[in-house]
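> This is the structure I have questions about; it appears just below.
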């Protein structure tokens, strides 16, 4: 039976119109016969949606399962959670949708709680009422049972994003500068000195004579020169700081049922907590 189930998980479902519907996602077993009764088909974009399809009147050929329903009808089937168990009401709704009488649902289960769960390629769950490798009655004959426990870990990283820009612009402004400059100029000073009688000054003749003296003065002269006075350098530096981030992670836990007594992990690994495995 386990081999048959795994073969079904490798198949593609083809509709009555010859169109490929999608790959089998999960297999649901009949609780009392243990036979495959429903499969889910991955449809929609990227195969994210799974739709229930009955295996009644289906024909398998190699890796294809041909069902008597076309693609559009299968895509429009009732939307039911594929991770839980099918309730009797859900199964009846599916049968009605596919044109099969609700009476086709096994009567011996009327009034019972849900008796069916999914089987995937990764695990065969106890929800199905039958675990692959077990005998009927859910009692394993193996000496060991291995179950992997998984948990999520936060993966913390960093990303670089733009926070701002620095723009350096040099412009020219004009201002008036006033300074006091000392200046000088020449002026004429006339001094007269009387010549006393008896002073020897030599013979003098009456005649005309011209003499000329040049006078000078200082005037302010304004000139300009360009002189570098300051250099500006801009660079980036990394400033380190810390920030606390948080997120929710899920962890799988074991619960072991021994003779009707359910033991959790804390009790299982040492009642006084001495042997409790460390949290990771």
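In full-length UniProt numbering, the protein residues as written are 1 to 280.
Every residue, glycine too, gets a C-beta built ideally from N, C-alpha and C.
#1: Can you check which of these residues, 72, 87, 86, is closest to residue 98 by C-alpha distance?
#2: Taking DSSP as the reference, what is the three-state secondary structure of residue 9?
#3: So what's residue 294 in DSSP terms, helix, strand or just coil?
#4: Nearest CA to the CA of residue 157: which residue from 77, 246, 256, 22?
#5: Taking the DSSP output, what are the residues bridged to residue 61?
#6: Less than 8 Å between the CB atoms is what I'm expecting for residue 15 and residue 74, so what's the real figure, rounded?
#7: Can you tell me whether residue 77 is buried or exposed, with buried defined as 16 or more other CB within 10 angstroms of its CB?
#8: Pull up the distance between the alpha-carbon of residue 220 and that of residue 189, whole angstroms please.
#9: DSSP beta-bridge partners for residue 36?
#10: Here's the rule I'm using: 16 or more other beta-carbon atoms within 10 Å means buried, otherwise exposed. How should residue 147 be labelled?
#11: Near residue 20, which residues of its chain fall below 7 Å by C-beta distance, leaving aside the five closest residues on each side in sequence?
#12: From residue 41 to residue 33, what distance separates their C-alpha atoms?
#13: Leaving out five residues on either side along the sequence, give the residues of the same chain with a beta carbon under 7 Å from the beta carbon of residue 51.
#14: Quick one: using the 10 Å Cβ neighbour count with 16 as the cut-off for buried, is residue 164 buried or exposed?
#15: Quick check: what's the CA-CA separation for residue 174 versus residue 213?
#16: Quick one: what's got a C-beta closer than 6 Å to residue 49's C-beta in the same chain, skipping five residues either side?
#17: Can you tell which of 86, 170, 53 has the C-alpha that lies nearest to the C-alpha of residue 230?
#18: Use the C-beta contact count for residue 24: other C-beta atoms within 10 angstroms, 16 or more gives buried, fewer gives exposed.
#19: In the DSSP assignment, find the alpha helix (DSSP H) that holds residue 89 and state where it starts and stops.
#20: For residue 8, count neighbouring C-beta atoms within 10 Å of its own C-beta (all shown protein chains included) and say buried if the count is 16 or more, exposed if not.
#21: Give the secondary structure of residue 21 by DSSP, where H, G and I count as helix, E and B as strand, and everything else as coil.
#22: Select from 179, 93, 64, 239 the residue whose C-alpha is nearest the C-alpha of residue 223.
#23: Name the two residues that bound the continuous beta strand (DSSP E) containing residue 227.
Let me spell this out:
#1: 72
#2: helix
#3: With the chain covering only 1 through 280, there is no way to say anything about residue 294.
#4: 246
#5: 64
#6: 6 Å
#7: buried
#8: Residue 220 and residue 189: Cα-Cα distance of roughly 25 Å.
#9: 29
#10: exposed
#11: 12, 14
#12: 22 Å
#13: Taking C-beta separations shorter than 7 Å and ignoring five residues to either side along the sequence, the partners of residue 51 in its chain run 40, 41, 43, 74, 75, 77, following chain order.
#14: exposed
#15: 44 Å
#16: 43.
#17: If we check each option's Cα against that of residue 230, 170 comes out closest.
#18: buried
#19: Residue 89 -> alpha helix (DSSP H) spans 88-97.
#20: Here residue 8 is buried. Its C-beta has 16 or more other C-beta atoms within 10 Å.
#21: strand
#22: Ranking 179, 93, 64, 239 by Cα distance to residue 223 puts 179 first.
#23: Neither: residue 227 is in no beta strand (DSSP E) and is coded neither H nor E.
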